[in-house]
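For reference, the structure is listed below as structure tokens.
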Amino acid sequence: RKLFYSTFAIGFIFLLVISLREFQRPVEIAGKDSERVIADNCLRNFGIPLLSYTYMVTPVEKEFPLAFSLQVYTHPERVIRLLLAIHRPHNFYCVHVDAKSSKQYEQMLLRAAECIGPNIFFVPDHLRTKVRWGYFTELEPDLTCSRLLLARGKRWKYWINLTGQEFPIRTNLELVLALRALNGTNLVEAIYRNRYIERLPPEGAVDLNITWYKGSVHVVVRREFVEYMNNDNKAQQLLVALKAHESMVNREIFPDEAFFPTLNHNPHVFKIPGAFLGTHEETVTGLIPRLKIWKISGEPCGSKRFIRFICMLGIGDLPRLFTAPNFFANKFMPDIEPIAYDILEFWLASKTAFEAVHGVPHSSFNLSYYATHVMAWNHL
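Here it is, written out as structure tokens:
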């Protein structure tokens, strides 16, 4: 089986290189600026085989800086590769290292970040959280990073929260163009019908006329959303209610999957710019931030391996990844068909190389998908 996958991967890469031959010439033309050469040389000291990205930051990207937060605790090589893939000098990056992680792990990431760029910063030790799956501590690192990002940069437009087991499908330019086409909406999944009532605070837990929703923790939201969730009293009531409910039931309730959806999908109470006005169901509000295959969906999983009911993406998922409109793919594990991650990384680097010369996305990018999406027009 391993031999089959290796042979398939080699053939797939060959076909990919041929199909992307238009990307290869721009790599030679665009070259590298001195900062990226220094970063590449610096990262070689880690002994990790890293792909070198050739990109050019366009004026539209500079006018639309993004803020990223990363929750990480394991697989430092993958975290470094993720940072390289998403890094641009005008964006902002906050990294939360789980307080349970070793000092050696943290130090390795700190040194790598110094190689990549000064706009990557780490949550200080006294603010770090010992994350426990399914509990409020999963939400706390995102909240901490969001506050630090607000203080760090006054101009960034959107906040994107990530984990170390993900990888981008879109280039930075594609992200910016897609978000502009989405016309100021917040991308927050919401589920009403199948929302696990037992995980949500009971009726009357907050003195607000709201509906509790469940959804994904993965969000792409406007700066105004981040300011509201950190500073508005009504938003703080949600956090208090979620903490109290978790304490009362004394088990995991996944508050990170309730806070963002509830905040974004009650526009009559939380008047946040970009809040959604339409049908609050996954089929409408999901999809864009992440490509994630749940076992319950019945969709094919290329690796046929699931962890906590989530597909560990593999070689068989690549054709879908290359054509999907999603921003990021979740999730990858280094010991499960790692060649799939390598190929996706090459695909992304090839697209950035194309953009470096032509100043526009590759033709595989479908801007109209975002411009015509219901979330592009049905929001505050």
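If you count by mature numbering (1 follows the signal peptide of the UniProt record, and there is no 0), then the sequence shown holds residues -23 to -1, 1 to 357, one letter each, in order.
A virtual CB, placed ideally from N, CA and C, is assigned to each residue, including glycine.
Quick caveat, the model's predicted, so the values are computed rather than measured.
- Distances from the alpha-carbon of Leu268 to those of Ser193, Asp102, Phe69 put Ser193 closest.
- Met310 and Met289 have their C-alpha atoms roughly 7 Å apart.
- Runs of the alpha helix (DSSP H) spanning 4 or more residues and lying entirely within the region 106 to 150 occur at 117 to 129, in chain order.
- In this structure His73 is buried. Its beta-carbon is surrounded by 16 or more other beta-carbon atoms within 10 angstroms.
- Residues of the same chain with a CB within less than 6 Å of the CB of Tyr30, apart from the 5 flanking positions on each side, are Ala326, Thr329 in chain order.
- For Phe286, the three-state secondary structure derived from DSSP is coil.
- Here DSSP, grouped into helix, strand and coil, assigns Phe342 to coil.
- Annotated as proximal: Ala252 and Pro244, with beta-carbon spacing under 9 Å.
- By the neighbour-count definition (other C-beta atoms within 10 Å, threshold 16), Asn149 is a buried residue.
- The continuous alpha helix (DSSP H) containing Asn210 extends over residues 210 to 226.
- Boundaries of the alpha helix (DSSP H) harbouring Ala90: 80 to 93, taken from the DSSP string.
- For Leu47, there is no enclosing alpha helix (DSSP H); the enclosing beta strand (DSSP E) has its first and last residue at 43 to 49.
- Membership of Val72 in any alpha helix (DSSP H) is not indicated; the residue belongs instead to the beta strand (DSSP E) covering 69 to 74.
- Counting along the chain, Asn307 sits inside the beta strand (DSSP E) bounded by residues 305 to 307.
- Shown here, Val337 sits in coil according to DSSP, grouped into three states, outside any helix or strand.
- With at least 16 other beta carbons inside 10 angstroms of its own, Pro178 counts as buried.
- Take the alpha-carbon of Arg172 and the one of Glu322: they are about 34 Å apart.
- Where Ile63 is concerned, the enclosing alpha helix (DSSP H) starts and stops at 53 to 63.
- If you draw a straight line from the Cα of Cys92 to the Cα of Asn227, it is about 43 Å long.
- In this chain, the alpha helix (DSSP H) harbouring Phe237 covers 233 to 241.
- In the structure shown, Arg176 adopts helical secondary structure according to DSSP, grouped into three states.
- Phe98: member of the beta strand (DSSP E) spanning 97 to 99, first to last residue.
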